[in-house]
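Residue 219 in full-length UniProt numbering sits at position 219 of the sequence shown, with consecutive numbering throughout.
We put the CB at the ideal spot given by N, CA and C, even for glycine.
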Amino acid sequence: MSAVISTADSDRLQPSSAEDAEPAVVSLRGAVAAVGGRPVLRGVDLTVRPGEVVALLGANGSGKSTTVKSVIGSVPLEQGRLELFGRPLRKFRAWHRIGYVPQRTTAAGGVPATVREVVSTGRLPQHGLLPFRRKDRAAVDRALTAVGMQDRAGDGVANLSGGQHQRVLIARALVGVPDLLIMDEPMAGVDVDSQQVLADILRTEVERGCAVLLVLHELGPLEPLIDRAVVLRDGCVAHDGPPPRGVGQHALPGHDHVHPHADDHHHRTTQGLLA
Ligand SMILES: Nc1ncnc2c1ncn2[C@@H]1O[C@H](COP(=O)(O)OP(=O)(O)O)[C@@H](O)[C@H]1O
Ligand SMILES: [Mg+2]
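Right, here's the structure in full:
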């Protein structure tokens, strides 16, 4: 075995034995960030370990999207430290290992793009400016099939339903076969059929060992897949631990509790955790 290690790779050394010793996929420490001049993250710690499924929860405006955007380097940190796959952000180049599904907006884009075109952009980190090759096309076909959109490949994305649009964004994230999948509110505005497709896809990705960071408003049908929940409140971590099992959005901060519950038990048991 060669003992020669290039300088560039020296901080990527991985112990060969224990799985525990593998570096975290995401390690965010003391993240402070502002958006539009306004402080949004005020010291966020977030860890995602290999193969782990972490839900990021919290009320609207608590900083969930800003946190995941800082993880992908699109919101700069004013303070704190980010490592991806054991490398500091400034040295991290392996963006093909990360699939990102942004929070879907309802605003219609001005540029018409087909389903296949949008999914193909997910291969950009692999082939860069090189021409698209057969294996890129095959990867796009596989991702379209995985989300059940192969029949819609030539359709314009503007004509899709919310759930179909979300499936296209997920196919784009899967097309690079990532080791970390980041999804921002993937269930929002998605019909029940698409929610089921999404839960199935996620299970498949988790089974092959992909780590997942999931922004959710409520745990919902994805609950059984989730290993750990991090709850943000006002740009700070209010909870990091087991997911609040068996509860819906009623237990999450920011929910206006104005109606009576037939079964108030769950509510009481989780109030301390999330209060
Ligand atoms: N583009 C922006 N310009 C100004 N403020 C923003 C912008 N995006 C988000 N914010 C503010 O940052 C805070 C956190 O936003 P965000 O991270 O999107 O929260 P969440 O995803 O938890 O709803 C909110 O108060 C929001 O108003
Ligand atoms: Mg958001």
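Burial state of residue i (16 or more Cβ within 10 Å)
i      : result
Thr66  : buried
Val192 : exposed
Lys69  : buried
His261 : Because the pLDDT at His261 is just 40, under 50, the model does not fix this residue reliably, and the value given afterwards should be weighed accordingly. Result: exposed.
Pro39  : exposed
Arg116 : buried
Ala158 : exposed
Arg172 : buried
Ser120 : buried
Pro243 : buried
Pro224 : exposed
Glu78  : exposed
Ala188 : exposed
Residue i vs residue j beta-carbon contact at 8 angstroms
i      : j      : result
Gly58  : Arg233 : yes
Gly30  : Arg81  : yes
Arg93  : Asp179 : no
Pro23  : Gly86  : yes
Ile170 : Val206 : no
Gly176 : Gly122 : yes
Leu216 : Leu222 : yes
Gly235 : Leu41  : yes
Val168 : Val118 : yes
Arg228 : Glu52  : yes
Leu219 : Gly99  : no
Leu46  : Val231 : no
Gly163 : Ala113 : no
Ala143 : Val25  : no
Limits of the unbroken alpha helix (DSSP H) element including residue i
i           : result
Gly162      : Gly162 to Leu174
Asp141      : Arg134 to Ala146
Val71       : Lys64 to Val71
residue 277 : It is not possible to answer for residue 277, since the shown part of the chain is limited to 1 through 275.
Opening and closing residue of the beta strand (DSSP E) in which residue i lies
i      : result
Ala31  : Val26 to Val35
Arg49  : No beta strand (DSSP E) holds Arg49; DSSP gives it neither H nor E.
Val54  : Val53 to Gly58
Asp184 : Leu180 to Asp184
Residue i to residue j span [Cα, whole Å]
i      : j      : result
Val75  : Asp141 : 32 angstroms
Ala139 : Leu198 : 18 angstroms
Arg104 : Ala21  : 36 angstroms
His165 : Ser27  : 30 angstroms
Asp200 : Val44  : 30 angstroms
Met183 : Val101 : 5 angstroms
Asn60  : Arg134 : 42 angstroms
Pro50  : Val32  : 24 angstroms
Gln195 : Gln150 : 18 angstroms
Val71  : Val237 : 15 angstroms
Pro15  : Pro88  : Since pLDDT at Pro15 reaches only 48, below the 50 mark, its modelled position is unreliable, and the value read off the structure follows with that caveat. Cα-Cα distance, rounded: 18 angstroms.
Ala55  : Arg152 : 30 angstroms
Trp95  : Pro125 : 6 angstroms
Ser161 : Thr145 : 18 angstroms
Arg137 : Leu181 : 21 angstroms
Ala34  : Glu185 : 21 angstroms
Gly154 : His239 : 44 angstroms
Ile226 : Glu83  : 22 angstroms
Val190 : Gly73  : 27 angstroms
>> Runs of 3 residues minimum, wholly inside the stretch 199 to 239: which ones carry the beta strand (DSSP E) assignment?
In response: 211 to 215 and 228 to 233
>> Which runs of the beta strand (DSSP E) at least 3 residues long sit entirely within the stretch 73 to 103? Give them in chain order.
In response: 79 to 84 and 98 to 101
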